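Chemist: Here it is, the structure in full.
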Amino acid sequence: MPFEIRAIEPDEIGDLLLADQRAFGSPPSLAERERSWTEAELSRTRAAFDGGEAVGVSRNYSFQLTLPGGHAIPAAAVSWVGVQPTYRRRGVLTQLMGALHDDAREHGEPVAMLTASESSIYGRFGYGVAAWRVGVSADAARITFRSDTSAGHIRLVLRDEAEKRLPAIYEALRLSRAGLVTRPDYWWPSVFWDQLGGADKAFFTAIHTNTAGVDDGYVAYDISGSWHNGIPDRRATVWDLVTADDEARAALWRYVFGLDLVDTVVAVHVPIDDPLRHLVTDGRRIRIDYVNDGLWLAPLDPAQLLAARGYTVEGRLVIETAAPDGTVTRVELDGGPAGATCGSTTREPDITCTSATLGACAIGGNRWSELAQAGLVDARDRATLVRADTMFMTTPAPALLTSF
Ligand SMILES: CC(C)(COP(=O)(O)OP(=O)(O)OC[C@H]1O[C@@H](n2cnc3c(N)ncnc32)[C@H](O)[C@@H]1OP(=O)(O)O)[C@@H](O)C(=O)NCCC(=O)NCCS
């Protein structure tokens with residue numbers, strides 16, 4: 186039986202928080218902290234109701250997604266997906282995803298995107314992993330940097346100053362790498378300061394300033410752990426290292442590895458092409474703990490999405506995709522570094538795949554040839570795959586640095 190699906194009203198925020206808390210099994214205190222992320226864009230929430238009770242919740246936020254070539258497009262940032270344990274496996278999520286995608290289309294967003302708490306769910310709804318997220322760790326005592334070339338300086342700042350400076354530093358980076366997304370004003374208080382930071386954590390923000398006096402990078406980290414028999418067993422966890430500048434990046438890495446009374450440095454959200462391993466004398470000491478799904482993309486309008494990005498080399502491709510509801514879209518792409526055109530065609534396809542696989546390849550985070558080896562792409566021939574790979578790959582590698 187279909188559930189009533191509608192947006193949450195301002196006086197129903199308590200129901201939204203309760204459903205979310207029950208779905209994720211979180212303590213109630215989490216629901217009571219910073220509210221900016223909760224209260225933003227309520228009209229884009231979609232909740233499932235049964236007899237007046239919100240039994241499943243979800244929402245879109247209005248973000249921008251950076252594509253190869255440095256263009257950003259409107260993208261629906263899907264979040265808060267949760268169904269109360271007593272209503273699972275009755276199709277609530279399926280209904281919610283349909284409503285979210287309808288809402289995204291109404292807002293003119295050619296793509297929906299998300300980060301997944303559970304990675305096995307979203308392929309069926311047309312999402313592919315478009316950018317990978319690497320987790321690294323290292324024993325600080327084993328790490329020596331090859332050189333110290335930074336002439337800039339680093340200063341620790343309190344929240345007041347960080348609130349003024351960090352968003353601008355992130356914004357300066359945002360268009361420089363595919364996969365990066367906007368961080369709206371309502372993102373910072375709840376997600377950065379509350380979820381990443383948190384009043385009960387030893388959470389620090391340090392800004393790098395270059396020789397021209399420009400703040401060009403920052404690192405946000407916390408320190409956790411304890412002492413055993415007088416010896417510190419403590420780790421620094423890097424949550425957010427943001428800079429578009431190579432020198433600042435090297436300086437910020439050196440800074441966290443140089444922290445006293447810390448024996449392990451852990452970093453999450455590291456781009457797959459981060460130079461850390463090359464900055465140190467013994468790259469093997471930088472352990473790769475995981476390579477996880479970071480950004481998931483569902484193309485809702487393949488032609489619009491493909492036309493909006495730049496391509497590494499000039500080329501033409503006819504791509505046919507099948508969406509989860511069976512809709513087949515065949516488009517002809519004519520793209521290059523300066524831009525692209527893309528529209529429907531009746532020509533024979535060069536590449537055939539699902540819309541989820543297109544999501545995986547759309548911003549260059551995976552090679553078409555790699556997915557073809559997995560049986561996820563049918564291509565005319567090997568040369569077609571090489572052409573597609575060469576067109577779609579991008580530098581720097583796509584990455585997502587933002588939780589949402
Ligand atoms: C994950 C969750 C949202 C699924 O909601 P739901 O209403 O039970 O999902 P549906 O009944 O619409 O199921 C849709 C399909 O996804 C599958 N599915 C649902 N949850 C799944 C899971 N955790 N792992 C694998 N498959 C899952 C279902 O089996 C079903 O497959 P089918 O169409 O082949 O039968 C819900 O279980 C939940 O809230 N979990 C905890 C919070 C969470 O993980 N949220 C996701 C955050 S990214």
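So for the sequence shown, the numbering used here puts the first residue at 186; every next one is plus one. Just so you know, even glycine gets a beta-carbon here, dropped at the ideal spot from N, CA and C. This structure is a prediction, so every number in the text was calculated from the model and none was measured.
At the level of alpha carbons, what is the spacing between SER191 and GLU224?
Modeler: For the record, residue 191 in the displayed sequence is Arg; it is not Ser. Going by the C-alpha atoms only, they are around 16 Å apart.
Chemist: By the three-class DSSP mapping on this structure, what secondary structure does TYR355 have?
Modeler: helix
Chemist: Hey, could you find the ends of the beta strand (DSSP E) VAL628 is sitting in?
Modeler: In this structure the chain extends from 186 to 589, so residue 628 is not present and cannot be described.
Chemist: Classify GLY524 as helix, strand or coil using the three-state DSSP reduction.
Modeler: strand
Chemist: For ligand 1, any of its heavy atoms closer than 7 Å to the Cβ of LEU278?
Modeler: Yes, the Cβ of LEU278 comes within 7 Å of a heavy atom of ligand 1.
Chemist: Quick check on THR367: does DSSP put it in helix, strand or coil?
Modeler: coil
Chemist: Enumerate, from N- to C-terminal direction, the unbroken beta strand (DSSP E) stretches of 3 or more residues contained entirely within the stretch 219 to 256.
Modeler: 230 to 235 and 238 to 251
Chemist: Is TYR475 helix, strand or coil by DSSP?
Modeler: Strand.
Chemist: If we count the other Cβ atoms within 10 Å of its Cβ and call it buried at 16 or more, is GLY236 buried or exposed?
Modeler: Burial call: exposed.
Chemist: Tell me, please, whether the stretch 498 to 514 touches the stretch 559 to 578 by the rule of three or more beta-carbon pairs shorter than 8 Å.
Modeler: yes
Chemist: Using three-state DSSP, classify GLY500 as helix, strand or coil.
Modeler: strand
Chemist: If the criterion is Cβ atoms closer than 8 Å, does the pair TYR440 and ILE339 meet it?
Modeler: yes
Chemist: What are the start and end residues of the beta strand (DSSP E) that includes ASP324?
Modeler: 313 to 324
Chemist: Within 8 Å, do at least three Cβ pairs link the stretch 511 to 519 to the stretch 482 to 494?
Modeler: The stretch 482 to 494, when compared against the stretch 511 to 519, does touch it at the 8 Å Cβ threshold.
Chemist: Sorry if obvious, but does the Cβ on VAL427 come closer than 7 Å to a heavy atom of ligand 1?
Modeler: no
Chemist: For SER529, which residues does DSSP report across the bridge?
Modeler: VAL516
Chemist: How do the stretch 242 to 254 and the stretch 277 to 291 stand: do at least 3 beta-carbon pairs fall below 8 Å, yes or no?
Modeler: yes
Chemist: Could you please give the first and the last residue of the uninterrupted beta strand (DSSP E) stretch that includes LEU426?
Modeler: 416 to 428
Chemist: Around the C-beta of ALA523, are 16 or more other C-beta atoms found within 10 angstroms, so that it is buried, or is it exposed?
Modeler: Residue burial annotation: ALA523 is exposed, with fewer than 16 other C-beta atoms found within 10 angstroms of its C-beta.
Chemist: Helix, strand or coil for VAL376? Go by DSSP, reduced to three states.
Modeler: helix
Chemist: What does a CB cutoff of less than 6 Å around ALA405 pick up in its chain, not counting 5 residues either side in sequence?
Modeler: THR390, TRP424 and ASP425
Chemist: Could you give the C-beta distance for GLY544 and PRO484, rounded to a whole number, given that I count them as a contact under 8 Å?
Modeler: 5 Å
Chemist: Based on the DSSP output, what are the partners of ASP448 in its beta bridges?
Modeler: In DSSP, ASP448 forms no bridge with anything.
Chemist: So, PRO253 versus ARG552, is the Cβ gap smaller than 8 Å?
Modeler: no
Chemist: Determine the closest residue to ALA568 out of LEU561, SER554, ALA559 and THR580, with distance taken between C-alpha atoms.
Modeler: SER554
Chemist: Could you compute how far the alpha carbon of SER332 sits from the alpha carbon of PHE442?
Modeler: 14 Å
Chemist: Determine, using beta carbons only, whether ASP458 and ALA582 come nearer to each other than 8 Å.
Modeler: yes
Chemist: Starting from THR466, trace the beta strand (DSSP E) both ways and give me its first and last residue.
Modeler: Following the DSSP letters along the chain, one finds THR466 in no beta strand (DSSP E), marked with neither H nor E.
Chemist: Check for me: the alpha helix (DSSP H) holding MET298 runs from which residue to which?
Modeler: Segment 296 to 299 is the beta strand (DSSP E) holding MET298; no alpha helix (DSSP H) there.
Chemist: For PRO581, which of helix, strand or coil comes out of DSSP?
Modeler: coil
Chemist: Tell me whether SER302 counts as near ligand 1, meaning its Cβ is closer than 7 Å to at least one heavy atom of that ligand.
Modeler: yes
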